[in-house]
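Numbering (the numbering used here), first residue to last: 2 to 367.
In structure tokens form, the structure reads like this:
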């Protein structure tokens, strides 16, 4: 199929992109003490030089004591980390790129470093890391308010530093998603409830606080998923109506673009339609959407953590859906870890030069 739809410009509010390709946020853990290094700046700069339309950073944590389970995951706060992020965005802009930081709080997730302790009480809705597994204590009203403020401050800092947009990480079983999921949110106050709409209040309040800080024209993306790292088969919305009831309050609260995470972008979200998550989100709410999930590779990314390699795969199905208008943007993950030149090679028809993905690539920052 023609690549024309993939290389059409995209504009929404102040976000102006030369094409529809997005570098997906991918945790790399190459920021000692939470401070991005010159190598981190060069990593993003290489992708900006090679025509990636929008770069979304790896998850970078907000200012809460237990927001991170890894000391080498970058922070988006502090007198050392913020100047380092300024160097990152300046490098990306100098290369002609556009970039958004992904703002993150991991919530109740297990410590990844044996020789390091999380420096504060665990933040989570109900003291659960997954259904039936206790980890930490339920957040107090004060802790929730402070966390909402921390997301808003990080968004304001991103705007001040010159980033072109921000993304909130509301997916994959981390803190925002832990409030959404009935398996980890058992609260009986206004941040809990039996319905997905009720459990969405935490995400909605973060979006409202962010919007109040950055103003009406600054692009705000939120990444969401049905699946969780704790349960790949988990589902929040089981019908289109449930999905609309979930997403519309977030759109009304300030979400401009929905980044709809699936393990495999081609899988239909509901019976009776071949629309994927991003396709349904756009149809139901009318906002731009980003699709993601094993784009351009033969294997899906969870298998990579088990040592599985992947080979380049056809983009025809992706192009068919994009050309049909199912979604607006396409996020590419592992292919851009292995090969900073992936977008240029696709654009120029150099498919025989596309690189395989090997799990060893996760251990380097190139």
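Quick reminder that beta carbons are idealized off the backbone N, C-alpha and C, glycines included. Source: prediction; values computed, not measured.
Query                                                                                                                                                                                              : Result
Once DSSP output is grouped into helix, strand and coil, what is the label at residue 33?                                                                                                          : helix
Quick check on DSSP: helix, strand or coil for residue 342?                                                                                                                                        : coil
Taking only the alpha-carbon atoms, compute the straight-line gap between residue 39 and residue 91 and give it to the nearest angstrom.                                                           : 12 Å
Write down every uninterrupted run of the alpha helix (DSSP H) in the stretch 77-112 whose length is 4 residues or greater and which is fully enclosed by it, in chain order.                      : 82-95
Contact check, residue 231 vs residue 131 under 8 Å by CB: the rounded distance?                                                                                                                   : 4 Å
DSSP three-state call for residue 215: helix, strand or coil?                                                                                                                                      : helix
Quick check on residue 301: does DSSP put it in helix, strand or coil?                                                                                                                             : coil
Once the 5 residues before and after residue 308 are set aside, which same chain residues still bring their CB inside 6 Å of it?                                                                   : 360
When DSSP builds the beta bridges, which residues end up paired with residue 146?                                                                                                                  : Looking at the DSSP assignment, residue 146 forms no beta bridge with any residue, so it has no partner.
Roughly how many angstroms separate the alpha carbons of residue 286 and residue 73, rounded to a whole number?                                                                                    : 37 Å
For residue 275, which residues of its own chain have a beta-carbon under 6 Å away from its beta-carbon, when the five flanking residues on both sides are left out?                               : 269
Between residue 342 and the rest of its own chain, which residues show a CB-CB distance below 6 Å, the 5 nearest in sequence each way excluded?                                                    : 51
Please go through the same chain and pick out, in chain order, the residues whose beta-carbon is closer than 8 Å to the beta-carbon of residue 162, but skip the five residues on each side of it. : 83, 86, 87 and 90
Is the separation between the beta-carbon of residue 355 and that of residue 340 shorter than 8 Å?                                                                                                 : yes
Anyone know if the C-beta pair for residue 108 and residue 124 falls short of 8 Å?                                                                                                                 : yes
Which residue wins for smallest C-alpha separation from residue 328, given the options 10, 205, 314 and 279?                                                                                       : 279
Which one of 236, 272, 349 and 170 has the shortest CA to CA distance from residue 205?                                                                                                            : 170
Is the separation between the beta-carbon of residue 366 and that of residue 76 shorter than 8 Å?                                                                                                  : no
May I ask you to report which of helix, strand or coil DSSP gives residue 272?                                                                                                                     : coil
Tell me whether residue 62 sits in a helix, a strand or coil according to DSSP, three-state version.                                                                                               : strand
Taking just the CA atoms, how far does residue 174 sit from residue 70?                                                                                                                            : 14 Å
With distances taken from CA atoms, which of 34, 142, 95 and 154 is nearest residue 114?                                                                                                           : 34
Does the beta-carbon distance from residue 283 to residue 254 come in below 8 Å?                                                                                                                   : no
If you draw a straight line from the C-alpha of residue 267 to the C-alpha of residue 296, how long is it?                                                                                         : 9 Å
For residue 1, which option in 188, 215, 213 and 214 has the closest C-alpha, if you only look at C-alpha atoms?                                                                                   : Outside the modelled stretch of the chain, which goes from 2 to 367, sits residue 1, for which no answer is possible.
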